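Residue numbers (my numbering), protein chains in the order written: chain A, 1 to 203; chain B, 1001 to 1174.
Step one of this worksheet: look at the structure below.
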Amino acid sequence: MQTEATLPQSDVSELDLVKRCQAGDTEAFDELVTRYRTRVFGMIYNMVHSEQDAWDLAQESFLKAWKSIGRFRGQSSFYTWIYRIVMNVTIDWLRKKKIKGGDAEFDDAIQLREIDPASKTVPKTEALPHQAMERDEIRARIEQAIGQLSPEHRAVILMKEIDDMQYHEIAEALGCSIGTVMSRLFYARKKLQNLLRDVYENV
Amino acid sequence: MKTFEEKWTAWLDDQLSGPELSEFEASLPDKAAAQAEKAEAKKLGELLKRELSAHPLKNEEFFSHQLRERIVHENGEQGRERARRARASGWWTIPRLLWAGTGSLAVFLICTILVMHRERPAEESQYLTQILNARVDPVVSPNASVSIFEVKQDRATVLWTEGLQSLPADYAAK
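Structure follows, in structure tokens:
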């Protein structure tokens, strides 16, 4: 385990911010939020595929983090710690949503209706209209495929492929073993390969 | 012992090395097909990264502002909750209850001692003792009888004599 003295400068600074938060300093927490809000929002968005829900869940996650910051002992990075909260909040929300709406959440028609073809979900580049439409279509296909994974499988594949997190970091964030993470990755990849083969082969 | 799934995942992510890698690759029935699948997995990863990693948070400052407001509200709620709990628990915290119990016991003991001290039977009077010890002369008073009635709560003793002709001179009350 790393000690405070051996941590790199940025982590020491983060620890300092955490300590200030633990003393009730909301400005320090604001600084931590500024550092991680985009990554947290992006991760949640990829899990739930709705900007409004992702916004609310990100807010909920940060609020929970503020309430429980006193219990953060610095044994992992703040990022891993907050990811654990984010994943708990999001997976819990997805499970509840699935219970309420049955399997309709993954229905193709609903998925396509939720995605506005004109929405600027991809960084704006000067793409031609047909190119933009094509990208939106690809993105819709990806979101649809990810939507067919269980919340736990979604979390694992997104943390690995999008955030480049290590197995042990994912395991820590999800509160499971490294073996479970690797096993979930195996099945999530297999399923996405089957669902998206034509997409990545033709892009 | 790693399962096949774990080894496969580690192999796809280039996390196997040394004898573990060669052992795993040797165990693959069709190495060419496995390599093709590995390449596919890499393509899938690249596709996900390219298409999903750039979803910006719009109105970042408003996000932080809204969160700050919620935290302020939450802190206020927590403060009120603490105050409410403090009021609800009131004076009767556990240490205070202990002190109250000890104090009550002490007061009870003091009162008991005082009451017992007060209720201690009074010493018998000198005259009563004298009369009780007196021997009535059967010649002078053949039918004499002496009865004593004592009422403790009134602290009174009644000496009832019958058939007594006279008290001996040396026992006469002075």
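Yeah, the Cβ is synthetic: ideal placement off N, Cα and C, and Gly gets one too.
In this text the structure is predicted, and so the values were computed from the model without any measurement.
Whole-number beta carbon distance between residue j and residue i, since they are thought to touch under 8 angstroms
i	j	result
residue 1023/B	residue 1031/B	In fact, because the Cβ distance is near 13 angstroms, the residues do not count as touching under 8 angstroms.
residue 188/A	residue 80/A	Between residue 80/A and residue 188/A the Cβ distance is about 20 angstroms, and since that is not below 8 angstroms, they are no contact.
residue 82/A	residue 18/A	Actually they do not touch by this definition, with Cβ atoms about 10 angstroms apart.
residue 1145/B	residue 1165/B	With 8 angstroms as the limit, residue 1145/B and residue 1165/B do not qualify as a contact, their Cβ atoms being about 13 angstroms apart.
residue 63/A	residue 1071/B	7 angstroms
residue 44/A	residue 86/A	6 angstroms
residue 1048/B	residue 142/A	7 angstroms
residue 41/A	residue 54/A	6 angstroms
residue 1008/B	residue 186/A	6 angstroms
residue 91/A	residue 151/A	4 angstroms
residue 1150/B	residue 1157/B	5 angstroms
residue 184/A	residue 156/A	4 angstroms
residue 84/A	residue 175/A	7 angstroms
Cβ of residue i within 9 angstroms of any chain A Cβ
i	result
residue 1055/B	yes
residue 1044/B	yes
residue 1064/B	yes
residue 1035/B	no
residue 1026/B	no
residue 1013/B	yes
residue 1023/B	no
residue 1020/B	no
residue 1081/B	no
residue 1017/B	no
Cβ-Cβ distance between residue i and residue j below 9 angstroms
i	j	result
residue 59/A	residue 1063/B	yes
residue 200/A	residue 1021/B	no
residue 34/A	residue 1056/B	no
residue 50/A	residue 89/A	no
residue 67/A	residue 1074/B	yes
residue 144/A	residue 195/A	yes
residue 149/A	residue 191/A	yes
residue 1040/B	residue 193/A	yes
residue 24/A	residue 1006/B	no
residue 14/A	residue 77/A	yes
residue 139/A	residue 1069/B	no
residue 182/A	residue 1002/B	yes
residue 1067/B	residue 164/A	no
Partners in chain B for residue i, counting only beta-carbon separations shorter than 9 angstroms
i	result
residue 179/A	1002, 1003, 1005 and 1006
residue 142/A	1047, 1048, 1051 and 1052
Where residue i meets chain A, residues with beta-carbon distance less than 8 angstroms
i	result
residue 1010/B	182
residue 1071/B	26, 29, 63 and 66
residue 1032/B	None at all; the shortest Cβ gap to chain A is about 17 angstroms.
residue 1041/B	189 and 193
Chain B contact for residue i (CB, 9 angstroms cutoff)
i	result
residue 46/A	yes
residue 123/A	For residue 123/A, the predicted model reports a pLDDT of 44, less than 50, meaning its position is unreliable and no value from the coordinates is stated.
residue 111/A	Residue placement at residue 111/A is poorly supported in this model, since its pLDDT is 39, which falls under 50; the coordinates still yield a value, given next. No, because no Cβ of chain B sits closer than 9 angstroms to the Cβ of residue 111/A.
residue 18/A	no
residue 152/A	no
residue 134/A	no
residue 104/A	Here residue 104/A scores only 43 on pLDDT, less than 50, and its place in the model is too uncertain to base an answer on.
residue 14/A	no
Under 8 angstroms from the C-beta of residue i: neighbouring residues of chain B
i	result
residue 81/A	None at all; the shortest Cβ gap to chain B is about 17 angstroms.
residue 95/A	By Cβ distance, chain B contributes nothing, its closest Cβ being about 22 angstroms from residue 95/A, past 8 angstroms.
residue 203/A	1047
Proximal chain A residues relative to residue i, where beta-carbon distance stays under 7 angstroms
i	result
residue 1104/B	In chain order: nothing, as chain A lies at least about 39 angstroms away.
residue 1077/B	Going along chain A, no residue has its Cβ under 7 angstroms from residue 1077/B, so there is no contact; the nearest lies around 11 angstroms.
Under 7 angstroms from the C-beta of residue i: neighbouring residues of chain B
i	result
residue 41/A	1057
residue 69/A	Ordered by position in chain B, no residue passes the 7 angstroms Cβ test against residue 69/A, which lies about 11 angstroms from the chain.
residue 138/A	1051
residue 86/A	What residue 86/A touches in chain B: nothing, since even the nearest Cβ is about 13 angstroms away.
residue 232/A	This structure gives no information on residue 232/A, because the portion of chain A shown stretches from 1 to 203.
Cross-chain neighbours of residue i in chain A, by beta carbon under 9 angstroms
i	result
residue 1067/B	29, 30, 33, 37, 58, 59, 62, 63 and 66
residue 1074/B	63, 66 and 67
* **Positions along the region 181-197 of chain A whose CB lies within less than 8 angstroms of some CB in chain B** => 182, 183, 185, 186, 187, 189, 192, 193, 196 and 197
* Just by C-beta distance, which residues in the region 20-33 of chain A are closer than 9 angstroms to chain B? -> 24, 26, 29, 30 and 33
* **Members of the region 154-174 of chain A that neighbour chain B once the beta carbon cut-off is set at 9 angstroms** => 157, 158, 160, 161, 162, 163, 164 and 167
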